[in-house]
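Participant: Protein chains in written order, with the working numbering: chain A, 1 to 272; chain B, 1 to 272.
There are 2 protein chains.
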Amino acid sequence: MAASSLSVVNGRVVDVLPVGDRGCLYGDGVFRTVRVTHGTPCWWQDQLARLSRDAARLAIPCPAPDRWEQDLGQLPTGRPEGVLRLTLTRGEGNRGYRPPGEPTPNRIVSWSALPGHYDAVAATGARVRLCALRLAPQPHLAGIKHLNRLENVLARMEWSDSEIHEGLLMDTQGRIVGGVSSNLFIFQGGELLTPRLTHGGVAGVARDRTMAAARRLALTVREADLTLESVYDAREVMLTNSLMRVWPVARLQHRVWHTHDLAHTLRELLDD
Amino acid sequence: MAASSLSVVNGRVVDVLPVGDRGCLYGDGVFRTVRVTHGTPCWWQDQLARLSRDAARLAIPCPAPDRWEQDLGQLPTGRPEGVLRLTLTRGEGNRGYRPPGEPTPNRIVSWSALPGHYDAVAATGARVRLCALRLAPQPHLAGIKHLNRLENVLARMEWSDSEIHEGLLMDTQGRIVGGVSSNLFIFQGGELLTPRLTHGGVAGVARDRTMAAARRLALTVREADLTLESVYDAREVMLTNSLMRVWPVARLQHRVWHTHDLAHTLRELLDD
Numbered sequence: 001m002a003a004s005s006l007s008v009v010n011g012r013v014v015d016v017l018p019v020g021d022r023g024c025l026y027g028d029g030v031f032r033t034v035r036v037t038h039g040t041p042c043w044w045q046d047q048l049a050r051l052s053r054d055a056a057r058l059a060i061p062c063p064a065p066d067r068w069e070q071d072l073g074q075l076p077t078g079r080p081e082g083v084l085r086l087t088l089t090r091g092e093g094n095r096g097y098r099p100p101g102e103p104t105p106n107r108i109v110s111w112s113a114l115p116g117h118y119d120a121v122a123a124t125g126a127r128v129r130l131c132a133l134r135l136a137p138q139p140h141l142a143g144i145k146h147l148n149r150l151e152n153v154l155a156r157m158e159w160s161d162s163e164i165h166e167g168l169l170m171d172t173q174g175r176i177v178g179g180v181s182s183n184l185f186i187f188q189g190g191e192l193l194t195p196r197l198t199h200g201g202v203a204g205v206a207r208d209r210t211m212a213a214a215r216r217l218a219l220t221v222r223e224a225d226l227t228l229e230s231v232y233d234a235r236e237v238m239l240t241n242s243l244m245r246v247w248p249v250a251r252l253q254h255r256v257w258h259t260h261d262l263a264h265t266l267r268e269l270l271d272d
Numbered sequence: 001m002a003a004s005s006l007s008v009v010n011g012r013v014v015d016v017l018p019v020g021d022r023g024c025l026y027g028d029g030v031f032r033t034v035r036v037t038h039g040t041p042c043w044w045q046d047q048l049a050r051l052s053r054d055a056a057r058l059a060i061p062c063p064a065p066d067r068w069e070q071d072l073g074q075l076p077t078g079r080p081e082g083v084l085r086l087t088l089t090r091g092e093g094n095r096g097y098r099p100p101g102e103p104t105p106n107r108i109v110s111w112s113a114l115p116g117h118y119d120a121v122a123a124t125g126a127r128v129r130l131c132a133l134r135l136a137p138q139p140h141l142a143g144i145k146h147l148n149r150l151e152n153v154l155a156r157m158e159w160s161d162s163e164i165h166e167g168l169l170m171d172t173q174g175r176i177v178g179g180v181s182s183n184l185f186i187f188q189g190g191e192l193l194t195p196r197l198t199h200g201g202v203a204g205v206a207r208d209r210t211m212a213a214a215r216r217l218a219l220t221v222r223e224a225d226l227t228l229e230s231v232y233d234a235r236e237v238m239l240t241n242s243l244m245r246v247w248p249v250a251r252l253q254h255r256v257w258h259t260h261d262l263a264h265t266l267r268e269l270l271d272d
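#1: If you run the structure through DSSP and keep just helix, strand and coil, what is Q47(A)?
#2: How would you call Q138(B), buried or exposed, if buried means at least 16 neighbouring beta carbons within 10 angstroms?
#3: Compare the C-beta of C24(A) against all C-beta atoms of chain B and say whether one is closer than 9 Å.
#4: Are the CB atoms of A214(A) and R50(A) nearer to each other than 9 Å?
#5: Within the region 174 to 246 of chain A, note down every full beta strand (DSSP E) run reaching 3 residues or more, in order along the chain.
#6: Identify whether P137(B) lies in helix, strand or coil by the three-state DSSP scheme.
#7: State yes or no: is the beta carbon of T210(B) nearer than 9 Å to at least one beta carbon in chain A?
#8: Exposed or buried, R22(A), counting other C-beta atoms within 10 Å across all chains shown (16 or more means buried)?
#9: Would the region 193 to 209 of chain A and the region 31 to 50 of chain A be scored as touching if the rule is three or more Cβ pairs under 8 Å?
#10: In whole angstroms, what is the alpha-carbon distance linking E223(B) and L193(B)?
#11: Cβ of G174(A) within 9 Å of Cβ of T259(A)?
#12: Check whether the region 236 to 249 of chain A touches the region 175 to 185 of chain A, taking contact to mean three or more Cβ pairs, one atom from each stretch, closer than 8 Å.
#13: State the beta-bridge partners of L84(B) as determined by DSSP.
#14: Can the beta-carbon of L150(B) be found less than 9 Å from the beta-carbon of H146(A)?
#15: With a threshold of 9 Å between beta-carbons, can M157(A) be considered close to chain B, or not?
#16: Taking the continuous alpha helix (DSSP H) assigned at P65(A), which residues delimit it?
#17: Please state the DSSP three-state secondary structure of S160(B).
#18: Counting only the same chain and skipping the five closest in sequence on each side, list residues whose C-beta sits under 8 Å from that of S7(B).
#19: What residues of chain A sit near V249(B), judged by a beta carbon separation below 7 Å?
#20: Taking the Cβ atom as the reference point for each residue, do R251(A) and R85(A) lie within a distance shorter than 9 Å?
#21: Go ahead and pull the three-state DSSP assignment for G167(A).
#22: Across which residues does DSSP place L17(B) in a beta bridge pair?
#23: Which class does T40(B) belong to by DSSP, given the choice of helix, strand or coil?
#24: Check the Cβ of P61(A) against every Cβ in chain B and list those closer than 9 Å, keeping chain order.
#25: Could you check what DSSP says for N106(B) in three-state terms: helix, strand or coil?
#26: Assign E163(B) to one of two classes, buried (16 or more other C-beta atoms within 10 Å of its C-beta) or exposed (fewer than that).
#27: How many Å lie between V121(A) and G101(B) at the Cα?
#28: Pick helix, strand or coil for T172(A), following the three-state DSSP scheme.
#29: Ordered along the chain, which non-local residues of its own chain (more than five positions away) have a Cβ less than 6 Å from that of Q253(B)?
#30: Measure from the C-beta of H117(B) to each C-beta in chain A and report whether the shortest distance is under 9 Å.
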């Protein structure tokens, strides 16, 4: 592990996993990314609820919140800002794809430093590129933050320019799915729209929070099938995830947005 | 690890991987399954060639054959029959989907016992069910034996009846892709047909060998988009992978086949 990282596996401070873990063998597990601010994991209950819901969709039993909280207690204190990754795999089993009837999941909590650019981009707006890779629509995995993320890896490999902050992903049917690491919202005609996650994408906690915040502003919030044109036509475009919170989009390919008012307002409301 | 398993990671006999390995984080890697018979790994050069080709498609540098052979040398001897799994991951990196510019891959060789039914089913024929899960067509990953195998896991979870030996997978466009853990061939009108792997599936070494063997029999061998109807209509249906070698299909849903002549012939020719 990099020196800036630290992990707790099943309650023990170790930096290794059994080589036969099905997460390593098949990507058979789920995860969540949690921002830590002022020593506190943000949106903790929501994150655990989403992790548990995702695990249930794969029939992986999710440990109760107090187990995760005990794990957190094992991480060294005194690091007020950072990123947690919570991973839950189906654990070990016999050879082959068939899972064990009663899995013994492995639980991993990893800490790493928060890259410095997240809050800066939130202020100035993100530069976004359109990815060439199109996601394959899979209703059985849509919305789940599972460990099968090769599509995201391949999409992220499309650019190395550090001036580009995120990539926009479409699926093979031409629907907008979201960012490589984020959910997408567009604001148009008084409505806040975000892609339906029936065929792909991840149901992020920041997405839930953004929708709730917009409803408190009395905006109409709707999940829809979005086209690339609808994104270009939007008055404002924004990206959300637990680290970004809300990023206004300043540029997508050659389209530039100067108005970020709603993005900034939602960002301020996200914790309420 | 189960007591019947044993692993060599980067040349050392250990049973753990770094928790930050991208194989564990994202399924960012490839693997191959190799049958060991009379103490010899079958089709060894072909397996390494396929592993290397798959790794190249994901831009993961693959170690030279002699490294894998040294790993094999670390496994305890005296086990003439078994199964090897060769896994190559992109190794560790910084947080997030973006891979390191110069990855240091992790190399894992794991040994496990060969389940007893493989050769028995080859003689009697396999009973196969049609899976409800439909694969999502993804040309960028098609053919690669990568670590993103949740679709296979979910498909394999559809049945627990040990009298069912394999599941047949279609994609969301209605094309036959193959078995959950195997490639499929149908014999009809003097032609041996197998699904094209342009949208999904794994290009197995046993598939290559079966095609080569059939050509030595002067059969026409063709990759094609196959429908479920074409499978039901076939004179013979067979499944291949490195452990099965060639399994004749005796039953798919309610369709029964009594003729397995070509399957048995190909099976005998597979090592030539």
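Glycine is no exception: its CB is placed at the ideal position from the N, C-alpha and C atoms.
Facilitator: On the basis of the supplied data:
#1: helix
#2: buried
#3: yes
#4: no
#5: 176 to 179, 183 to 188, 191 to 195, 220 to 224 and 236 to 241
#6: coil
#7: no
#8: buried
#9: yes
#10: 6 Å
#11: no
#12: yes
#13: V34(B) and W111(B)
#14: yes
#15: yes
#16: P65 to Q74
#17: coil
#18: M1, V13, V14, D15, I108, V109, S110 and W111
#19: Within chain A, no residue comes near V249(B); the closest Cβ sits about 19 Å away, beyond 7 Å.
#20: no
#21: strand
#22: L17(A)
#23: strand
#24: The premise fails here: P61(A) is roughly 14 Å from chain B at the closest Cβ pair, so nothing lies under 9 Å.
#25: strand
#26: exposed
#27: 24 Å
#28: coil
#29: L130
#30: no
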